[in-house]
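Chains as they are written, first to last, in our numbering: chain A, 1265 to 1547; chain B, 109 to 481.
In this text, a Cβ means the ideal position worked out from N, Cα and C, and glycines have one as well.
Notes follow once the structure below has been shown.
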C-alpha cells in the first residue's frame, strides 16, 4: 500500500519530469520535443543528457544551488536557536496554558501564507512599519534597507518555518520526565549541566526532525526569496521558476528540478533513518 | 559473647546524622509538614510510613534539597543544610520512577554521578564494577534501561544512587513498581546492601509490611505530623494511638469508660457487658473514656467458656481462610465485631466452628493496649 502511494504520487511524476529533462526545448505545445506522438522508440532514441551538461557549464546554476544550501542551512540554525527556547518554555508552562500556547503557534496557518509574506513587505520596506517605528523612537536617522536583501529572506524563512521547528521539539520535551532532571541534579549536576547532559540528548529526536522539516522546504523555497529577497538573492527555486515561466525552457527547468530532488534525497533519507532509530529506541 | 544492640536513638549522647527541628513546610495554603522534630542516626534504616498526602514525600524532597523548609532548621551531621542545592549535598536519592537516563547504558547511568565529581578514570571504573557486582548486574552493563526488566531497573537505580557513597540514601517507594513476590525478595536484598555499605537509608513507603520488614525504626505520619516513631515491634505491640494501631496491621478497638482497680490495672466498661480487665502503664482518670486495642492473633476462640477474665460470647459471622491463618469475625451481643485469628498448625483437622455457631472469645489482661486517643 505505501508503495502504491509512492508510485502514484512520487515515482510517476518524477519519471515524467525526468523525461522532459532529457528532451529539447521547442516552439510547440507542449514546448519540448520529442513527445509520445513520435512513437515510443523514436522518442527514446532522441533523449539525451544535454541539459544536465548545460547546467554544469553555466555557473549561474551551481551558484544558485550553493546559495540555496547556504540560506537553507543558516536559516535552519537560526530557526533552531529561536525555536528551542520557545518549545522549552511551552513544555515547562503550566498544564492549563499549554493548549493555548499551542494554538498561538498554529494560528498563523489560518491565514494564507502568501498574505503573511506580503505583510512582511509592508513591515520591512523603506517606508514600512519597522522603519517608521525606529524613526519614531529615534533609534535611526536613515531608513534601514532590509527589504530586497538576504536579511529579509532569513526573516521570512525563520518566520514561516518556525512552527515546524517548535512542534517536534515541544513534543520531545513534553514527554521528558521531570524526575530525570532532578536525578541529574541529585547526582551532582548544576541546572545548566543537567540541561546539556539530559534535556538536549533526550530532545535530539525532536531537534533533528525540526531541522529537516525546516531545511528541506527552505532549500527549494521560491515565494519568500522572490517577494522579500529582490533580484540580489539567488535561490534555486527562483531560477526554476524563471526557466519555466520566463524562458519557457521546460527541459532545463526539469533538469534543475531533478538535481534539486537529488540534493534533497540525502537529507530525507537521513531524516527517515533518524525516525526509525527513534522508534527502535522507544520500542 | 555480648551482642550490642543497634539502638543509637536510646543513647542520649549519640549525635544524630539528620536532625529536623520544628520544621514546617507550607505550599500555598496547604501545610505539608507541621512543626516536625525528628532525629535520624547513622547506619539506620529509617522508614517514613503514612497514607498519601501525609507529608512523607515532602520530607524526603527536603532532605534531597528539592524543597526548602518554610520555617525551622534541618541539619546533616551537624551542619545546617537549608538552602544548599541538591547537587552540593552528600545525599542521593532513588526515585520512585527510577529516573534512569534512557539514552545512557546501565554502566554510564551508574557512572553518571562519579563523572560529575571528576573521579579519576581507574577509580571510576573500579567503583562502577563494584556497584554492578553489589547489585548483581555484571552482565547488563552495556544494555540500555529499556532493554532490562523492571527488577533489574530497580537495581540499576539503587546502584546509581549508591555509587557516590552518600552519607544518606533516600528511597522513594523503591519497590512500588515490583510485583509482590519480587518485592519481598528485594526487601531482603535492600537490607543486605544497607548492612554491607553501612549507609543510612531513609525509605518512604505506604506499605506497612514493607516498612516493618526493612526498617530499624518506623515513623508513622499523618497530615504533616509524626504520630509515633519506634522500632517495628514497639509500633506493632505498643502503638501510642488508635490511629497507629489501626494503620499498622489489624486491630480490634473496644471503647468505654475505665476505672482503676489496683496498680496499673483498669476495668473497662464496654456496653454493659462484663467489665474487661486490662493492664496499662498509662494512667487514666476515673470514668475517662479509653480505647482498648487488641490484635486479632491475641484473641482466643473457644466452644466452652474458658477460665480467666475477658471472655465474651458471640456468634461466628464470617470465616476467612488465609492458608497459614484463619480469621474469624465474631459478632458480640451489642453488634460489635471482634476479629480473632488462629494459626492453622495442622494440615488435616476439622474446623471446630462454622458460621452462626455460638462461641467464646477471650484474651488476657496484658493482650491489649489501653489508649487515650
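(request) Please compile the residues from chain A whose C-beta is within a distance smaller than 9 Å of the C-beta of residue 174(B). (result) 1446, 1449, 1450
(message) Within 8 Å, do at least three Cβ pairs link the region 389 to 399 of chain B to the region 437 to 453 of chain B?
(response) no
(request) Answer yes or no: does any C-beta atom of chain A fall closer than 8 Å to that of residue 201(B)? (result) yes
(message) Please report the straight-line C-alpha distance between residue 429(B) and residue 155(B), rounded to a whole angstrom.
(response) 31 Å
(message) Quick check on residue 348(B) - is its C-beta less than 8 Å from some C-beta in chain A?
(response) no
(message) Report the CB separation of residue 1448(A) from residue 1461(A) in whole angstroms; it is logged as a contact under 8 Å.
(response) 6 Å
(request) Identify every residue that forms a DSSP beta bridge with residue 452(B). (result) Per DSSP, none; premise fails for residue 452(B).
(request) Identify which residue in 388(B), 303(B), 423(B) has its Cα closest to the Cα of residue 442(B). (result) 423(B)
(message) Using beta carbons (cut-off 8 Å, strictly below), is residue 1453(A) in contact with chain B?
(response) yes
(request) Consult DSSP for residue 128(B) and reduce its assignment to one of helix, strand or coil. (result) strand
(request) For residue 1549(A), return the contacting residues in chain B, with the cut-off set at a CB-CB distance below 8 Å. (result) As shown, chain A starts at 1265 and ends at 1547. That puts residue 1549(A) outside it, with no answer to give.
(request) Would you list the residues sitting across from residue 468(B) in a DSSP beta bridge? (result) 410(B), 421(B)
(message) Counting only beta-carbon separations shorter than 8 Å, does residue 1471(A) have a partner in chain B?
(response) no
(request) Determine which residues share a DSSP beta bridge with residue 384(B) and list them. (result) 376(B)
(request) Sort 354(B), 130(B), 416(B), 382(B) by Cα distance to residue 404(B) and report the nearest one. (result) 354(B)
(request) Tell me, to the nearest whole angstrom, how far the beta carbon of residue 376(B) is from that of residue 364(B); I am working on the premise that it is less than 8 Å. (result) 5 Å
(request) Check the DSSP bridge columns for residue 365(B) and list the partner residues they point to. (result) 397(B)
(message) My output table needs one value for residue 314(B): the three-state DSSP class, helix, strand or coil.
(response) coil
(request) Determine whether the Cβ of residue 1443(A) lies closer than 8 Å to any Cβ atom of chain B. (result) yes
(message) For a test of the three-state rule: what should DSSP assign to residue 323(B), helix, strand or coil?
(response) coil
(request) Could you round the C-beta distance between residue 180(B) and residue 241(B) to whole angstroms and report it? I think they count as a contact, below 8 Å. (result) Contact flag wrong, Cβ pair sits at about 41 Å.
(message) Can you give me the C-alpha to C-alpha distance between residue 1473(A) and residue 1439(A), rounded to a whole angstrom?
(response) 15 Å
(request) State buried or exposed for residue 1327(A), treating a residue as buried only when at least 16 other CB atoms are found within 10 Å of its CB. (result) exposed
(request) Work out the CA separation of residue 1347(A) and residue 1429(A) for me, nearest whole Å. (result) 6 Å
(message) If the criterion is Cβ atoms closer than 8 Å, does the pair residue 280(B) and residue 384(B) meet it?
(response) no
(request) From the DSSP output, in three-state form, read off residue 1289(A) for me. (result) strand
(request) Please determine, among 1267(A), 1272(A), 1396(A), 1311(A), the residue with the shortest C-alpha to C-alpha distance to residue 1285(A). (result) 1311(A)
(request) Have a look at the DSSP bridge pairing and note the partners of residue 358(B). (result) Answer is none; residue 358(B) lacks a bridge partner.
(message) Assuming contact is defined by CB atoms lying nearer than 8 Å, are residue 171(B) and residue 276(B) in contact in what I supplied?
(response) yes
(request) Could you tell me whether the Cβ of residue 1558(A) comes closer than 8 Å to any Cβ of chain B? (result) Given that chain A is displayed from residue 1265 to residue 1547, the structure contains no residue 1558(A) and the question cannot be resolved.
(request) Please classify residue 336(B): is it buried, with 16 or more other beta-carbons within 10 angstroms of its beta-carbon, or exposed? (result) buried
(request) Pick helix, strand or coil for residue 329(B), following the three-state DSSP scheme. (result) strand
(request) Compute the Euclidean distance between the alpha carbons of residue 1515(A) and residue 1324(A), then round it to the nearest angstrom. (result) 17 Å
(request) Determine, using beta carbons only, whether residue 295(B) and residue 313(B) come nearer to each other than 8 Å. (result) no
(request) State yes or no: is the beta carbon of residue 1462(A) nearer than 8 Å to at least one beta carbon in chain B? (result) yes
(message) For residue 1322(A) and residue 1344(A), I'd like the C-alpha separation in whole angstroms.
(response) 34 Å
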